[in-house]
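Residue 315 in my numbering sits at position 315 of the sequence shown, and the numbers go up by one each step. We treat Cβ as the ideally placed atom computed from N, Cα and C, and that holds for glycine. Single-structure report; data block below.
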Amino acid sequence: MSQKNQTLGEFIIENQSSFKYTSGELSRLINSIRLAAKVVNHEVNKAGLVDIIGAAGDTNIQGEDQQKLDVYANNKFIQTMTNRNIVCGIASEEEDDFISINSQDENNQNKYIVLIDPLDGSSNIDVNVSVGTIFSIYRRVTPVGTPVTIEDFLQKGSQQVAAGYVVYGTSTMLVYTTGDGVNGFTLNPAIGTFYLSHPNMEFPEDGTIYSVNEGNYIHFPQGIKNYIKYCQMEEGDRPYTSRYIGSLVSDFHRNVIKGGIYMYPKSSKNPTGKLRLLYECNPMALLAEQANGKASDGFTRILDIEPTELHQRVPFLCGSKNMVEKAESFMRDA
Ligand code: AHG
Ligand code: MN
Ligand code: MN
Numbered sequence: 001m002s003q004k005n006q007t008l009g010e011f012i013i014e015n016q017s018s019f020k021y022t023s024g025e026l027s028r029l030i031n032s033i034r035l036a037a038k039v040v041n042h043e044v045n046k047a048g049l050v051d052i053i054g055a056a057g058d059t060n061i062q063g064e065d066q067q068k069l070d071v072y073a074n075n076k077f078i079q080t081m082t083n084r085n086i087v088c089g090i091a092s093e094e095e096d097d098f099i100s101i102n103s104q105d106e107n108n109q110n111k112y113i114v115l116i117d118p119l120d121g122s123s124n125i126d127v128n129v130s131v132g133t134i135f136s137i138y139r140r141v142t143p144v145g146t147p148v149t150i151e152d153f154l155q156k157g158s159q160q161v162a163a164g165y166v167v168y169g170t171s172t173m174l175v176y177t178t179g180d181g182v183n184g185f186t187l188n189p190a191i192g193t194f195y196l197s198h199p200n201m202e203f204p205e206d207g208t209i210y211s212v213n214e215g216n217y218i219h220f221p222q223g224i225k226n227y228i229k230y231c232q233m234e235e236g237d238r239p240y241t242s243r244y245i246g247s248l249v250s251d252f253h254r255n256v257i258k259g260g261i262y263m264y265p266k267s268s269k270n271p272t273g274k275l276r277l278l279y280e281c282n283p284m285a286l287l288a289e290q291a292n293g294k295a296s297d298g299f300t301r302i303l304d305i306e307p308t309e310l311h312q313r314v315p316f317l318c319g320s321k322n323m324v325e326k327a328e329s330f331m332r333d334a
């Protein structure tokens, strides 16, 4: 049960027993993500000082090499989970292959694997606009105490046990689900504590915001072109408002609060779409469904797609239920 001023740490402990596999392992994993998020947040906040303290590729005053923030975030999340011996495998947007963590050690009983997009919307960093981190968690399907294999990572999104994101915005928030609704926690940077600020987040069934990179319009499938024209038509609560940040996390975060749809369709430039199924679309799709929203590739539920490769891309429509269904109907009819 949520209470006033509840911290993320308290929330994790309190809700541990309601999770169906209650070994405490998942709680420890979410805790390590919470820790890495705070460290990355600290670094993201300093990004504007880059001309003063040195750009990526430079050496800083302590003789350390400055890293690009997506590399930094990648290393921090991997390090935190590896050092604390909390998962048996990690896959990341920033790594060509998955990483096996002591999973050949018979004493390693860790059951979980994590897939991450360490920094989402990273081109926003240079211009002081919101970015995020996305994570997706599964139980391994191969036996514990053996090395993880690609099979552990190529699971359908519906098999996820937890997923979430961190948004480094005007406030930093951690939003996640373990399959029992979606809760959002806001960081108090003065004391480094996340507080439950958005309990039971839910997409409004309908919305008036559409988020898409309209510069690619000419390359979109006819169904998406028709839906965009529908959004712009004068009728009822239309024309809708267009808002596109260029960070899926930030666009999703606004849409879940206000009601809206995010679209990254396939195009002649990106014939299979741009966003990655395993560490962008699946976790956001689980969050969407847990928040009364919907996620699809235009025809198929994202969480039902059978993955074939680690860095696979898919078209992505996600947001308020009625808006996604409307966009799907335009895809079908085109
Ligand atoms: P990343 O920074 O992890 O590569 O992801 C960026 C993604 C997504 O978050 C965003 O909505 C989209 O790419 C932006 O792409 P365009 O610039 O092509 O619109
Ligand atoms: Mn991304
Ligand atoms: Mn990224």
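query, result
"The segment 105-125 touching the segment 68-87, judged by at least three CB pairs closer than 8 Å", "yes"
"The segment 263-273 / the segment 283-291 touching (three or more Cβ pairs under 8 Å)", "no"
"Beta-carbon contacts of D251 that lie in its chain and below 6 Å, excluding the five residues immediately before and after", "S211, I245, Y262"
"Separation of L49 from D304, as counted between CA atoms", "43 Å"
"Spatially closest choice to Q160 from G293, E214, L277, K326, by CA coordinates", "L277"
"Contact test: E93 Cβ vs ligand 3 heavy atom, cutoff 7 Å", "yes"
"Coarse secondary structure for P265, derived from DSSP in three states", "coil"
"Pair within 8 Å by beta-carbon distance, T133 and Y165", "yes"
"Opposing strand residues paired with M233 [DSSP bridges]", "M233 pairs with nothing; no bridge assigned."
"Cβ neighbours of P239 in the same chain (closer than 6 Å, five flanking residues each side left out)", "Q232"
"Beta-carbon gap between A327 and Y227 smaller than 8 Å", "yes"
"Three or more C-beta pairs below 8 Å linking the segment 95-110 and the segment 122-131", "no"
"Identified DSSP bridge partners for P204", "Bridge partners of P204: none, in fact."
"Residue(s) in a DSSP beta bridge with M331", "Answer by DSSP bridge pairing: none, since M331 is not bridged."
"heavy atom of ligand 1 below 7 Å from K339 C-beta", "Not covered by the structure: residue 339. The range shown for the chain is 1 to 334."
"Inter-residue spacing [alpha-carbon to alpha-carbon] between G192 and H253", "21 Å"
"Distance, D206 Cα to Y230 Cα", "15 Å"
"Nearest-angstrom Cβ-Cβ length linking I302 and N282, presumed shorter than 8 Å", "6 Å"
"Outcome for G374 when other beta-carbon atoms lying within 10 angstroms are tallied against a minimum of 16", "No answer is possible for residue 374: it lies beyond the span of the chain, which begins at 1 and ends at 334."
"Other residues of its chain near I209: CB distance less than 8 Å, five sequence neighbours each side excluded", "Y240, T241, S242, R243, R254, N255, K258, G259, G260, I261"
"Three-way DSSP call (helix, strand, coil) for I99 in this model", "strand"
"Check: L248 C-beta below 7 Å from any heavy atom of ligand 4", "The model on display carries ligand 1, ligand 2 and ligand 3 but not ligand 4."
"Distance between T186 and G9 (C-alpha atoms, nearest Å)", "12 Å"
"Coarse secondary structure for H311, derived from DSSP in three states", "coil"
"CB of L29 within 8 Å of CB of I90, strictly", "no"
"Pick from P307, T172, N5, F220 that is closest to K38, judged by C-alpha positions", "T172"
"Beta-carbon spacing of L275, T178 below 8 Å", "no"
"Where I12 falls, given that 16 or more other Cβ within 10 Å makes a residue buried", "buried"
"Residue(s) in a DSSP beta bridge with I90", "I99, V114"
"Those residues which DSSP pairs with T300 across a bridge", "Note: T300 sits in no beta bridge, so no partner."
"D126 Cβ short of 7 Å to ligand 1 heavy atom set", "no"
"Check whether V167 and S103 have beta carbons under 8 Å apart", "no"
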